[in-house]
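Everything below concerns the one structure shown next.
Chains as they are written, first to last, in my numbering: chain A, 1355 to 1467; chain B, 765 to 880.
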């Protein structure tokens, strides 16, 4: 069965600092991987996705993520965070033909001024 | 991506009453929609898969008689929480599937349900 682990429940970084949010997945075949962001009381917005090809994917708002098959990871990065990046971040995994997504527990990002 | 709306954005009801939540795909014909619930500071839990013109598929542990799902058209799915109780208070989010090929889902803004 598919599963997603986000080891960090809460991360605090200073504005302007770099960011890396970790995501590990468990899936037998090639996964489809997603990062979503959720602001308080809102739905989810897609930041980026990986289906195949280049393992470094670029997303919106300056985010990027790298798929590492050997480590079963899909970590999200941003070189310099802004106060508006404070939110909950969810990693999710799916597979071709299945339509369902499995979500990680989420990582809450706090930005210090 | 698809634009998805939900109505209402929040609702307060008395215990024992039923509440209907609408999920609309505004610019995309969605044969498949999903309903999730999310408790505070927790992840999304898939409740059911809603298929246009057919019965919904419920996840294990979700009471289908309590959470009634209707997907009568390609742009509208509804979730009715019947005989709501305080433990049903939660944030309910729907999503639209972009198709089985790529799994991508587009999410609505969510509905906050509070049962008194």
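For glycine and all other residues, C-beta sits at the position ideal for the given N, C-alpha and C.
So, is residue 798 (chain B) buried or exposed, given that buried needs 16 or more other C-beta atoms within 10 angstroms?
As a position in the second chain, residue 798 (chain B) is number 34, starting the count at 1. Its Cβ being crowded by 16 or more others within 10 Å, residue 798 (chain B) is buried.
query: Which class does residue 1426 (chain A) belong to by DSSP, given the choice of helix, strand or coil?
result: The sequence position of residue 1426 (chain A) within the first chain is 72, counting from 1. In the three-state scheme derived from DSSP, where H, G and I count as helix and E and B as strand, residue 1426 (chain A) is classed as coil.
Check your understanding: So, is the C-beta of residue 1417 (chain A) closer than 8 Å to a C-beta in chain B?
Key -> Residue numbering aside, residue 1417 (chain A) sits at position 63 when the first chain is read from its first letter. At least 8 Å separates the CB of residue 1417 (chain A) from every CB of chain B.
message = Alpha carbons only, please: which of B:782, B:820, B:765, B:861 is nearest the one belonging to residue 852 (chain B)?
response = Position 88 of the second chain, counted from the first residue, corresponds to residue 852 (chain B). Among B:782, B:820, B:765, B:861, the Cα nearest to that of residue 852 (chain B) belongs to B:782.
Who pairs with residue 832 (chain B) in a beta bridge, going by DSSP? Numbered from 1 along the second chain, position 68 holds the residue referred to as residue 832 (chain B). The partner list for residue 832 (chain B) (beta bridge, DSSP) reads B:844.
Practice prompt. Using a Cβ-Cβ cut-off of less than 8 Å, list which residues of the stretch 866 to 878 of chain B approach chain A; keep chain order.
Written response: The residues in question are 866, 867, 868, 869, 870, 871, 872, 873, 874, 876.
**Message:** Using only CA atoms, which one of B:821, B:847, B:828, B:869 lies nearest to residue 1449 (chain A)?
**Reply:** As a working mapping, residue 1449 (chain A) is identified with position 95 in the first chain. Measuring from the Cα of residue 1449 (chain A), the nearest candidate turns out to be B:869.
Checklist entry - With DSSP run on the structure shown, which of helix, strand or coil describes residue 1416 (chain A)? => result Reading the first chain from its first residue, position 62 is the one you call residue 1416 (chain A). Looking at residue 1416 (chain A) - three-state DSSP - the assignment turns out to be helix.
Practice item. Determine, using beta carbons only, whether residue 1453 (chain A) comes closer than 8 Å to chain B. Key: Translated into the one-based positions of the first chain, residue 1453 (chain A) becomes position 99. So, interface residue.
* Is the number of C-beta pairs between the stretch 765 to 778 of chain B and the stretch 831 to 838 of chain B that are closer than 8 Å three or more? -> Cβ pair count under 8 Å is below three, so no.
- Near residue 1372 (chain A), which residues of its chain fall below 6 Å by C-beta distance, leaving aside the five closest residues on each side in sequence? Numbered from its first residue, the first chain carries residue 1372 (chain A) at position 18. Scanning its chain for C-beta atoms nearer than 6 Å, with the 5 sequence neighbours on each side dropped, one finds around residue 1372 (chain A) the residues 1433, in chain order.
_Assuming the contact rule is C-beta atoms closer than 8 Å, residue 1399 (chain A) and residue 1390 (chain A) should be a hit. Round their C-beta distance to whole Å, please._
Along the first chain, one-based indexing puts residue 1399 (chain A) at 45. Along the first chain, one-based indexing puts residue 1390 (chain A) at 36. Contact flag correct, Cβ pair sits at about 6 Å.
(message) Please tell me whether residue 876 (chain B) and residue 1395 (chain A) are closer than 8 Å, where the distance is taken between their beta carbons.
(response) The residue given as residue 876 (chain B) occupies position 112 in the second chain. The residue given as residue 1395 (chain A) occupies position 41 in the first chain. Between residue 876 (chain B) and residue 1395 (chain A), the CB-CB gap stays under 8 Å.
Handout entry: residue 1446 (chain A) - containing beta strand (DSSP E), residue span
Key = To locate residue 1446 (chain A), count along the first chain from 1; it is residue 92. Under the DSSP assignment, residue 1446 (chain A) falls in the beta strand (DSSP E) whose first and last residues are 1441 to 1448.
ask   = What's the C-alpha gap between residue 1401 (chain A) and residue 1446 (chain A)?
value = As a working mapping, residue 1401 (chain A) is identified with position 47 in the first chain. As a working mapping, residue 1446 (chain A) is identified with position 92 in the first chain. For residue 1401 (chain A) and residue 1446 (chain A), the distance between alpha carbons rounds to 11 Å.
Measure the CB-CB distance between residue 1424 (chain A) and residue 1377 (chain A) and report whether it falls below 8 Å.
Taking the first chain and counting its residues from 1, one reaches residue 1424 (chain A) at position 70. Taking the first chain and counting its residues from 1, one reaches residue 1377 (chain A) at position 23. No. Outside cutoff.
Quiz item: When you compare each of B:861, B:836, B:880, B:822 to residue 871 (chain B) by their alpha carbons, which one comes out closest?
Solution: The residue labelled residue 871 (chain B) in the question sits at position 107 within the second chain. Nearest C-alpha to residue 871 (chain B): B:861.
Reduced DSSP category for residue 786 (chain B) - H, G, I as helix; E, B as strand; rest coil
Here residue 786 (chain B) is taken as the residue at index 22 of the second chain, counted from 1. Residue 786 (chain B): strand per DSSP, three-state reduction.
task: Measuring alpha carbon to alpha carbon, tell me which of B:803, B:770, B:786, B:809 ends up nearest residue 854 (chain B).
output: Position 90 of the second chain, counted from the start, is the residue given in the question as residue 854 (chain B). Per the Cα distances, B:803.
ask   = What are the residues that DSSP puts in a beta bridge with residue 812 (chain B)?
value = Stepping through the second chain from its first residue, residue 812 (chain B) is reached at position 48. Secondary-structure assignment with DSSP links residue 812 (chain B) through a beta bridge to B:799, B:822.
**Message:** Using 8 Å for Cβ pairs, my map puts residue 769 (chain B) next to residue 790 (chain B). What's the rounded Cβ distance?
**Reply:** Within the second chain, the letter at position 5 stands for residue 769 (chain B). Within the second chain, the letter at position 26 stands for residue 790 (chain B). Contact flag correct, Cβ pair sits at about 6 Å.
- prompt: Of all Cβ atoms in chain B, is any one closer than 8 Å to the Cβ of residue 1407 (chain A)?
  reply: For this step, residue 1407 (chain A) is matched to residue 53 along the first chain. Answer no: the Cβ-Cβ gap between residue 1407 (chain A) and chain B never drops below 8 Å.
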